[in-house]
Amino acid sequence: MNELIGFGSPWVTALWAVSLAAALAWLGRELLLGRLVTIPSFVVGLSFLAPLLVQYPFTFSPINILATGTRGFSRYPVHVDAAFLISLVGMVSFVVGFLIPIRVRDTFAPAAFVSAGVRIWAQKVFLYISLAVTIAAFAAMFLLGMLGAGGARAGAMMLPALRPLYNIVHTILPLLIALTLAVGWQRRRRFILLMAAVEISLAVLTGTRAAVLGGILLFAVAVLCRRSLSTGLSGSMAVRVIVMAAVLLVAAIYMGDVRRGQYNPLLSIAGIGVHLFYGNTFSDLRDFAWVHAYWNGTYLWGKTELAGLLAFAPSAMIPFRQDWGWGVVSTTWTGLNSKVHPGLRPGSFGELYFNFGIPGVVVGGLLFGYIARRLHAVTQRAARLPDVHTATLEIIAAFATLGLVKSFLITAGFFEVYVVVLTLLALQIMAAVARGSAQLLDTGRYASVGPIPSTHDP
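Read left to right, the sequence shown gives residues 1284 to 1741 (my numbering).
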């Protein structure tokens, strides 16, 4: 049994057991109440339960050598307890921030901005334009030699000068896929659904699971969240949700195998336990402990956060980014090659800890919890809208906003914030210009016929 799982000190293990039981009990309660898919359950399930609480005993197993190598495993297990306790402080802070006893409004400015852009993007003409631009981008990546066996991601890692093109494409694709699915499925537009299939096929070429499955998951979560907050999820629907989650998980594991050159899906299914508990699918706690094992105890005081905020400029222009980006720092400390490895994931609170210690974790957790509560209120209002499609778009926007907020906690992908915000801003500007042009045309038509004679003229 020690080869499969292990535990740290007795009192940390006791804290882990209580935390795991509390999370499962709360999620079970939400399931019984028909509220399985909401903003808080999404955060608890995917940010806390799966990558931290469930993974705790498995991080001690020597099977992790398959992912970390002998050198990494020889150092990190004694740091798992510290990584777990720090993460637990962040989780508790999140809960406190979410439950702060103050009344919150059901509107939130960042979500309103994202929603305005999303509603415009979901119009057919903009979906057509987006697909055309995406196809052109993949054609460019093909001509530039970025679409190899490992997908565009591997090519982008080897060609830093071309990496922004890949970053833009794989950032935009999940949101584009979600919106195309929403319009095609809910408006019964077969051609739009065909467009979604093309977009998903292109996403496969990126070599990243998030690009392929992220959009499908975002659409499904939005639909299920609306149902959870309106009529509630029935028992049969909850079972279908669990089955769908399992299918997406298997697909994610298979895509990871394909990226490594293994194309047999049966082998992927057979090895699902190894991938799930000892691989890189939910490796946040292990990665946190791994980085912590090589940390010299000196706080970074915001260097990686600043490097992330500077992601609007290529790293070649700003040497600071080359030295202090989280992907570079985490790989350099652990002896990995930052040119081929995108970086280690220390969970939602690891980067905050290495920069600001426990105070940073507490403040970050409180703010994350409060913002999640504001977004939860936005989805509750959206679920009451009479039009299902409009409600779905509003909820997609809320979850997209949640993803942008998480980028402030894990800054390695902060470039995505700029891409999404600028895209939504450009869409709103284009829509405003189109409306202004239409008004001018209408005004010109009325002016060309001269003044309308008054009925009171003699």
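Where is the CB? At the ideal position from N, CA and C, for every residue including glycine.
- prompt: Tell me the DSSP bridge mates of residue 1556?
  reply: Counting from 1 along the sequence shown, the entry for residue 1556 is found at position 273. For residue 1556, DSSP assigns no beta-bridge partner whatsoever.
query: Which of the three DSSP states, helix, strand or coil, is assigned to residue 1546?
result: As a working mapping, residue 1546 is identified with position 263 in the sequence shown. In the structure shown, residue 1546 adopts coil according to DSSP, grouped into three states.
message: Suppose contacts are defined by Cβ-Cβ distances below 8 Å. Is residue 1463 in contact with residue 1496 by that definition?
response: Along the sequence shown, one-based indexing puts residue 1463 at 180. Along the sequence shown, one-based indexing puts residue 1496 at 213. Cβ atoms of residue 1463 and residue 1496: not closer than 8 Å.
message: In whole angstroms, give me the CA-to-CA distance for residue 1415 and residue 1637.
response: In the sequence shown, the residue the question calls residue 1415 occupies position 132. In the sequence shown, the residue the question calls residue 1637 occupies position 354. Here the C-alpha atom of residue 1415 lies approximately 42 Å from the C-alpha atom of residue 1637.
- prompt: Quick one: what does DSSP say residue 1351 is sitting in, helix, strand or coil?
  reply: Against the sequence shown, residue 1351 aligns to sequence position 68. In the three-state scheme derived from DSSP, where H, G and I count as helix and E and B as strand, residue 1351 is classed as helix.
field: residue 1744 - containing alpha helix (DSSP H), residue span
entry: For residue 1744 there is no data in the structure shown, the boundaries of the chain being 1284 and 1741.
query: Who are the Cβ neighbours of residue 1291 in its own chain at under 7 Å, not counting the five residues just before and after it?
result: By one-based count along the sequence shown, residue 1291 stands at place 8. Cβ within range, chain order: 1363, 1364.
message: Using the three-state DSSP reduction, which class does residue 1450 fall into: helix, strand or coil?
response: Start at 1 with the first residue of the sequence shown, and residue 1450 comes out as number 167. DSSP places residue 1450 in helix when its eight states are reduced to three.
- prompt: Rounded C-beta distance between residue 1377 and residue 1651? I'm assuming under 8 Å.
  reply: The residue labelled residue 1377 in the question sits at position 94 within the sequence shown. The residue labelled residue 1651 in the question sits at position 368 within the sequence shown. In this structure, residue 1377 and residue 1651 form a Cβ contact; the two beta carbons are roughly 5 Å apart against a cut-off of 8 Å.
message: Applying the 10 Å Cβ sphere with the 16-neighbour rule, what's the burial state of residue 1455?
response: Start at 1 with the first residue of the sequence shown, and residue 1455 comes out as number 172. It is buried - the Cβ of residue 1455 has at least 16 other Cβ atoms within 10 Å.
message: Taking the straight line between their C-alpha atoms, what separation do you get for residue 1469 and residue 1672?
response: Your numbering for residue 1469 matches position 186 in the sequence shown. Your numbering for residue 1672 matches position 389 in the sequence shown. Straight-line spacing of the CA atoms in residue 1469 and residue 1672 works out to 6 Å.
message: Here's the rule I'm using: 16 or more other beta-carbon atoms within 10 Å means buried, otherwise exposed. How should residue 1266 be labelled?
response: Because the chain here runs from 1284 to 1741, residue 1266 falls outside it and cannot be looked at.
- prompt: By a C-beta neighbour count over all protein chains shown, 10 Å radius and 16 as the cutoff for buried, is residue 1383 buried or exposed?
  reply: Within the sequence shown, residue 1383 is the residue found at index 100, counting from 1. When all chains shown are included, residue 1383 counts as exposed.
- request: Leaving aside the five residues before and after residue 1516 along the sequence, list all residues of the same chain whose C-beta is less than 6 Å from its C-beta, in chain order.
  value: Position 233 of the sequence shown, counting from 1, holds the residue named residue 1516. If we look at residue 1516 and ignore the five residues flanking it on each side, its Cβ neighbours are 1317, 1319, 1510.
field: C-alpha distance - residue 1438 paired with residue 1300, whole-angstrom precision
entry: The residue labelled residue 1438 in the question sits at position 155 within the sequence shown. The residue labelled residue 1300 in the question sits at position 17 within the sequence shown. Put simply, the backbone Cα of residue 1438 is about 43 Å away from that of residue 1300.
Residues that DSSP places opposite residue 1328 in a beta bridge: Position 45 of the sequence shown holds residue 1328. DSSP, once it has assigned bridges, lists no residue as partnering residue 1328.
- prompt: Taking the Cβ atom as the reference point for each residue, do residue 1492 and residue 1539 lie within a distance shorter than 8 Å?
  reply: To locate residue 1492, count along the sequence shown from 1; it is residue 209. To locate residue 1539, count along the sequence shown from 1; it is residue 256. Yes, Cβ-Cβ distance for residue 1492 and residue 1539 is below 8 Å.
message: Using only the alpha-carbon positions, how far apart do residue 1331 and residue 1375 sit?
response: The sequence position of residue 1331 within the sequence shown is 48, counting from 1. The sequence position of residue 1375 within the sequence shown is 92, counting from 1. If you take the alpha carbons of residue 1331 and residue 1375, they lie about 11 Å apart.
task: Using three-state DSSP, classify residue 1585 as helix, strand or coil.
output: Numbered from 1 along the sequence shown, position 302 holds the residue referred to as residue 1585. Coil.
- prompt: Distance, Cα to Cα, residue 1337 vs residue 1400?
  reply: Position 54 of the sequence shown holds residue 1337. Position 117 of the sequence shown holds residue 1400. Residue 1337 and residue 1400: Cα-Cα distance of roughly 37 Å.
Inter-residue CB distance, residue 1524 and residue 1507 (contact presumed, cutoff 8 Å): Stepping through the sequence shown from its first residue, residue 1524 is reached at position 241. Stepping through the sequence shown from its first residue, residue 1507 is reached at position 224. With a Cβ gap of about 6 Å, residue 1524 and residue 1507 count as contacting.
task: Apply the 10 Å Cβ neighbour rule to residue 1561 and answer buried if 16 or more other Cβ atoms are within range, or exposed otherwise.
output: What you label residue 1561 is simply residue 278 of the sequence shown in a count that begins at 1. So residue 1561 counts as buried.
task: Go through its chain and collect everything with a Cβ distance to residue 1680's Cβ below 7 Å, but skip five positions before and after it.
output: To locate residue 1680, count along the sequence shown from 1; it is residue 397. So the qualifying residues of the chain are 1394, 1397, 1398, 1401.
message: Here's the rule I'm using: 16 or more other beta-carbon atoms within 10 Å means buried, otherwise exposed. How should residue 1434 be labelled?
response: Here the question's residue 1434 lines up with position 151 in the sequence shown. Looking at its Cβ environment, which holds 16 or more other Cβ atoms inside 10 Å, residue 1434 is buried.
query: Are the CB atoms of residue 1275 and residue 1607 nearer to each other than 8 Å?
result: The chain is shown from 1284 up to 1741; residue 1275 falls before or after that span and cannot be answered.
field: Within the segment 1388-1452, ranges of the alpha helix (DSSP H) (whole runs, at least 4 residues)
entry: DSSP runs (the alpha helix (DSSP H)) wholly in the segment 1388-1452: 1392-1404, 1407-1426, 1434-1441.
- prompt: Straight-line CA distance for residue 1527 to residue 1443?
  reply: By one-based count along the sequence shown, residue 1527 stands at place 244. By one-based count along the sequence shown, residue 1443 stands at place 160. Those two C-alpha atoms are separated by around 36 Å.
message: Tell me the rounded alpha-carbon separation between residue 1669 and residue 1676.
response: The residue you call residue 1669 lines up with position 386 of the sequence shown. The residue you call residue 1676 lines up with position 393 of the sequence shown. Between the alpha carbons of residue 1669 and residue 1676 lies a gap of roughly 13 Å.
task: Closer than 6 Å by C-beta to residue 1342: which residues in its own chain qualify, once you throw out the five before and the five after it? Chain order, please.
output: In the sequence shown, residue 1342 corresponds to position 59, counting from 1. Non-local beta-carbon contacts of residue 1342 in its own chain, meaning distances under 6 Å to residues more than five positions away in sequence, involve 1363, 1568, 1569 in chain order.
message: Looking at the secondary structure, which residues open and close the alpha helix (DSSP H) in which residue 1570 lies?
response: Taking the first residue of the sequence shown as 1, we reach residue 1570 at position 287. That run of the alpha helix (DSSP H) goes 1567-1577.
field: Proximal residues to residue 1479 (C-beta, below 7 Å), its chain only, five neighbours per side dropped
entry: As a first step, residue 1479 must be located in the sequence shown, where it is residue number 196. Result list for residue 1479: 1460, 1463, 1464, 1467, in chain order.
- prompt: Can you name, in chain order, every residue of its own chain whose Cβ lies under 7 Å from the Cβ of residue 1488, other than the five neighbours on each side?
  reply: Within the sequence shown, numbered from 1, the residue matching residue 1488 stands at position 205. Annotation for residue 1488: 1421, 1430, 1434, 1435 place their beta carbon closer than 7 Å to its own, counting only its chain and skipping 5 residues before and after.
Simplified DSSP state of residue 1484, which is helix, strand or coil: Residue mapping note: residue 1484 aligns to position 201 of the sequence shown, counting from 1. DSSP places residue 1484 in helix when its eight states are reduced to three.
Where residue 1426 falls, given that 16 or more other Cβ within 10 Å makes a residue buried: In the sequence shown, the residue the question calls residue 1426 occupies position 143. Residue burial annotation: residue 1426 is exposed, with fewer than 16 other C-beta atoms found within 10 angstroms of its C-beta.
query: Quick one: is residue 1724 buried, meaning 16 or more other Cβ sit within 10 Å of its Cβ, or exposed?
result: Walking along the sequence shown from the start, residue 1724 turns up at place 441. Classification for residue 1724: exposed.
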